[in-house]
Amino acid sequence: MTYPISYQLYSSRNFPPLFAQFPELKAFGYDAIEPWLPAYEADAKAFRTALDDAGLKCHCFHMPLKGLVEEPQRFIDIALTMGATIMIPPYVAPEKRGTTANYWKNLGAQLAEGAEQAEEHGLKVAWHNHDFEFLALADGSRPIDHIFAGGGDTVGFEIDCGWITRAGADPAAELKRFADRIIAIQMKDMAPKGTTTEDGWAATGDGIIDWEKFVPLFRETKAEHIVTEHDNPADWRRFARRSIEHIKALGL
Numbered sequence: 001m002t003y004p005i006s007y008q009l010y011s012s013r014n015f016p017p018l019f020a021q022f023p024e025l026k027a028f029g030y031d032a033i034e035p036w037l038p039a040y041e042a043d044a045k046a047f048r049t050a051l052d053d054a055g056l057k058c059h060c061f062h063m064p065l066k067g068l069v070e071e072p073q074r075f076i077d078i079a080l081t082m083g084a085t086i087m088i089p090p091y092v093a094p095e096k097r098g099t100t101a102n103y104w105k106n107l108g109a110q111l112a113e114g115a116e117q118a119e120e121h122g123l124k125v126a127w128h129n130h131d132f133e134f135l136a137l138a139d140g141s142r143p144i145d146h147i148f149a150g151g152g153d154t155v156g157f158e159i160d161c162g163w164i165t166r167a168g169a170d171p172a173a174e175l176k177r178f179a180d181r182i183i184a185i186q187m188k189d190m191a192p193k194g195t196t197t198e199d200g201w202a203a204t205g206d207g208i209i210d211w212e213k214f215v216p217l218f219r220e221t222k223a224e225h226i227v228t229e230h231d232n233p234a235d236w237r238r239f240a241r242r243s244i245e246h247i248k249a250l251g252l
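When we follow UniProt numbering, the leftmost residue of the sequence shown carries the number 1, and every step to the right adds one.
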C-alpha cells in the first residue's frame with residue numbers, strides 16, 4: 001500500500017510566492033498540499049484554483065483552535081472550498097496552555113464539539129501535536145492522553161513523529177498507542193542533538209529517526225496520507241525533494 005503524500009506549506013513560508021511552488025512540488029511527486037493559516041485565508045477559491053492548475057489536492061489543512069470553537073462554519077466552508085476532508089488545529093500558544101488535566105480534557109471536548117459539526121458536512125477533525133503534549137504535568141500525566149480522553153472517538157490524530165522525538169518520547173510507542181486514532185502521519189525528521197542549523201530539523205531521511213522501523217507501524221494505523229514538513233529549511237526545494245525520495249524508497 002502506498003499513501004498520498006502531502007507537503008506542509010509552512011515549510012515554504014519564507015520562500016514566496018507560494019503558488020509558484022505548486023508545479024515544482026507536483027513534479028517532485030507530491031500529491032497534495034497541506035496549508036496552514038494564513039496561506040489560504042485571503043482567498044480559499046484562489047488557493048483551490050492554484051492547486052487544480054498544478055494537479056494537486058488538499059487532503060487536510062491546519063487552522064486555529066479558536067477558529068474551530070468560535071467560527072466552525074467559516075472553516076467548514078473553507079474546507080469544502082479547498083476540497084479538504086480533515087480540519088486540523090495544531091497548537092496552543094505557551095501563554096494559553098493550562099497546567100491541569102482538566103484544561104487538556106476540556107480542549108479535547110472542544111475538538112469533539114467541532115468534529116460533531118464537521119461530520120455533518122462529511123469532514124473530520126484531528127489534533128496535530130508538538131512536543132508539549134508529551135511533557136508530563138505536575139501529576140505525572142500527559143496532555144496528549146487528556147486531549148483524547150476529552151475528545152472521545154470523534155477526534156482524530158495527525159501524529160508528528162519529529163516533535164515526539166524532540167520531546168524525548170518514543171514515536172513507535174505512540175504509533176501503537178494511538179493506532180486507531182491516527183488518520184495522518186507527519187514524517188518530520190530531527191537532526192542530531194546539538195545541531196543549531198535549520199533549528200535542529202532535517203529533511204526526512206537525513207535525520208536521526210529510523211523511518212524504516214516505523215513503516216510496519218504506519219500500516220497498522222488508520223492513516224489516510226503522509227505529510228512532509230520542516231520548520232525552517234535553508235532550501236525548500238532540497239528538503240521537499242529529498243524527503244519525498246526517501247518516503248518513496250521506503251515503499252510508502
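Ideal Cβ placement from N, Cα and C applies to all residues, glycine included.
Please identify the residue among the options whose C-alpha is closest to the C-alpha of residue i.
i: residue 109; options: 144, 177, 23; result: 144
i: residue 104; options: 122, 246, 149; result: 149
i: residue 100; options: 21, 139, 183; result: 139
Would you decide whether residue i is buried or exposed? Buried here means 16 or more other CB atoms lie within 10 Å of its CB.
i: residue 74; result: exposed
i: residue 175; result: buried
i: residue 47; result: buried
i: residue 78; result: buried
i: residue 190; result: buried
i: residue 203; result: buried
i: residue 188; result: buried
i: residue 299; result: Not covered by the structure: residue 299. The range shown for the chain is 1 to 252.
i: residue 15; result: exposed
Which whole-angstrom value describes the C-beta separation of residue i and residue j, a residue pair presumed to lie in contact below a C-beta threshold of 8 Å?
i: residue 32; j: residue 225; result: 7 Å
i: residue 28; j: residue 241; result: 5 Å
i: residue 126; j: residue 155; result: 7 Å
i: residue 7; j: residue 36; result: Rounded, the Cβ-Cβ distance is 11 Å, inconsistent with contact.
Heavy atom of the ligand GDP less than 7 Å from the Cβ of residue i, yes or no?
i: residue 20; result: This structure does not include the ligand GDP; it has no bound ligands of any sort.
### Query
Below 8 Å, can you find three or more Cβ-Cβ pairs linking the region 131 to 140 to the region 54 to 63?
Short answer: they don't touch.
### Query
Taking one C-beta from the region 229 to 240 and one from the region 210 to 218 each time, how about it: are there three or more such pairs within less than 8 Å?
No, because fewer than three Cβ pairs between the region 229 to 240 and the region 210 to 218 fall closer than 8 Å, the two stretches do not touch.
### Task
For the region 110 to 121 and the region 145 to 164, state whether three or more C-beta atom pairs, one from each stretch, are separated by less than 8 Å.
yes
### Ordered list of beta strand (DSSP E) runs contained in the region 153 to 214, each at least 3 residues
155 to 160, 182 to 186
#### Entry: Meets three-Cβ-pair contact criterion under 8 Å: the region 94 to 102 and the region 114 to 130
no
#### Entry: Sequence ranges, beta strand (DSSP E) only - wholly within the region 108 to 156, length at least 3
124 to 128
### Task
Please determine if the region 48 to 62 and the region 83 to 90 are in contact, where contact requires at least 3 C-beta pairs separated by less than 8 Å.
yes
### Message
Please give me, in chain order, every unbroken run of the beta strand (DSSP E) with length at least 3 that falls completely inside the region 55 to 98.
### Response
60 to 62, 86 to 88
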